[in-house]
Structures are given as structure tokens and as C-alpha cells.
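Peer 1: One structure, as C-alpha cells, below. Some questions next.
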Amino acid sequence: MKGRCWTEEEDRLLAETVLRSVREGGNQLDAFQEVAEKISRTPGACGFRWNAVVRKREAEAFQKAKKERVENQLKRKRKPSITINDVIRQLREFEAEYHSTRKRLFELEKRLAEKEKKLQVAEAEHSRLTEEWDAFESFQNEIKDRYTSLLRLFQTARHLETADRREVLGEGTENKEIGTGVESKVEAES
Numbered sequence: 001m002k003g004r005c006w007t008e009e010e011d012r013l014l015a016e017t018v019l020r021s022v023r024e025g026g027n028q029l030d031a032f033q034e035v036a037e038k039i040s041r042t043p044g045a046c047g048f049r050w051n052a053v054v055r056k057r058e059a060e061a062f063q064k065a066k067k068e069r070v071e072n073q074l075k076r077k078r079k080p081s082i083t084i085n086d087v088i089r090q091l092r093e094f095e096a097e098y099h100s101t102r103k104r105l106f107e108l109e110k111r112l113a114e115k116e117k118k119l120q121v122a123e124a125e126h127s128r129l130t131e132e133w134d135a136f137e138s139f140q141n142e143i144k145d146r147y148t149s150l151l152r153l154f155q156t157a158r159h160l161e162t163a164d165r166r167e168v169l170g171e172g173t174e175n176k177e178i179g180t181g182v183e184s185k186v187e188a189e190s
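This is the structure we're talking about:
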């Protein structure tokens, strides 16, 4: 590839890359390396082309890029100046934010207290209803037990009545034994 002529496009790329590098605080050698990789030339060839041809054409742009680099470096070194008015303004903003946050905190604490009170009322109601339910279940079980006892009592009375009728009608001791067996059966069920 020795002896290959430089194109306008390659010269333009070289100029743009070197000027950008200088503006941003970089150096020319890094720019030559970057361009060399893109156009398949050596960094030395790029440096030679820059110094022999392109730099002379871009002399004004090169001086401007160096000036911008210096200005950018100075801007970075300068510390921003804060006036007393800026400090006062910031303090007032902080104070307003503090009061706003405190007010919001107070409102949230008030809502929390209300919710806790409602929770206590709900827990008391739950406890009362649980006690009522337990009492109801106990009452229901007692009613069931009494109902069962009453049914047994009716069954026993019915069997006794049947046995008494048989006795009155004179059906004999044979049926009496059957009635006694029924009574025994009812008693066994209880």
C-alpha cells in the first residue's frame, strides 16, 4: 500500500479527528492512532500527513481548537461562586420543605391514631361476638342434649303405656317380658 495517495475524505477524517481530540483535551498521537485504524494506514503516516498538509489548511481551526481546550480546562478548574442570596434562598427552601414534611408527618400520625382507635373498637366487637357465639354454641348443645333426653323419655313413656295396655287387656306375662325388653333397650340407648 506504499505510495497510495490520500483522498479528500481521508484528509477530512484526519482533520476532524485531530481537532476534536485537541478540543477535548486529548493529544494528536491518539488521534493519529484512531484515524490509522479507520483508513488502514500507520499512525506515522497520519502524523506526517497532518504536519505536512492538513495542519496548514486547518491552521485557523487548529488554533481555535487549542483555545477551546484551554477555556474548557479553565471552566473545570473554576469553582462555582455562591452568593449569600443563594444561601438564603436555599435555607428558605429547606425551611419550607421541613415545615411541609412536618405537617405531613402530623397528618399521618393523626390518621394512624384514628386507625388504631378503630382497630381497638373492632377487636372489642370481635371479642364480644366471639363470646356470644361461644355462649350460643353452648346453649345449642344444651338444647340438643335436653331434646335427646326428652325423646328418650317419650319413647320410654310410650313403651310403658303399651306394656300397661297389654297387661290390662290380659295378654299375659309373655308380652310383659317383651315390654320389659323394650324398656331395657331404651334404657341401654340412653
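Residue numbering for the sequence shown follows UniProt numbering, starting at 1 and increasing by one per position. All C-beta atoms, glycine included, are put in the ideal place defined by N, C-alpha and C.
What residue range is occupied by the uninterrupted alpha helix (DSSP H) comprising T17?
Peer 2: T17 -> alpha helix (DSSP H) spans 8-23.
Peer 1: Going along the chain, which residues of its own chain have a beta-carbon closer than 8 Å to the beta-carbon of L13, five neighbours each way excluded?
Peer 2: These residues qualify, in order along the chain: V35, K38, I39.
Peer 1: Hey, quick one: how far does the alpha helix (DSSP H) through W133 stretch, first residue to last?
Peer 2: Run containing W133: 84-169, per the alpha helix (DSSP H) assignment.
Peer 1: Where V168 and R128 are concerned, what is the direct C-alpha to C-alpha distance, given to the nearest angstrom?
Peer 2: Each residue's Cα considered, the two are about 59 Å apart.
Peer 1: Pairs of beta-carbons, one from the stretch 66-73 and one from the stretch 9-25, closer than 8 Å: are there three or more?
Peer 2: The answer is yes - the stretch 9-25 touches the stretch 66-73, with three or more Cβ pairs under 8 Å.
Peer 1: To which residues of the same chain is E123 closer than 7 Å at the C-beta, ignoring the five residues directly before and after it?
Peer 2: No residues qualify anywhere along the chain.
Peer 1: Rounded to whole angstroms, what is the Cα-Cα separation between L74 and Q28?
Peer 2: Those two C-alpha atoms are separated by around 21 Å.
Peer 1: Give every residue of the same chain whose Cβ lies closer than 7 Å to the Cβ of A65, excluding the five residues on either side of it in the sequence, and list them in chain order.
Peer 2: For A65, where only same-chain residues beyond five positions count, the Cβ hits under 7 Å are L19, V22, R23.
Peer 1: Do you know offhand how far F106's Cα is from R146's?
Peer 2: Cα to Cα, the separation comes out at about 60 Å.
Peer 1: Which value, in whole angstroms, describes the spacing of the CA atoms of T156 and R165?
Peer 2: Distance between the alpha carbons of T156 and R165: 14 Å.
Peer 1: Looking at the structure shown, is R55 part of a helix, part of a strand, or coil, going by DSSP?
Peer 2: Correct three-state label for R55: helix.
Peer 1: When the Cα atoms are used, what is the spatial distance from V121 to L112?
Peer 2: The alpha-carbon atoms of V121 and L112 are separated by roughly 14 Å.
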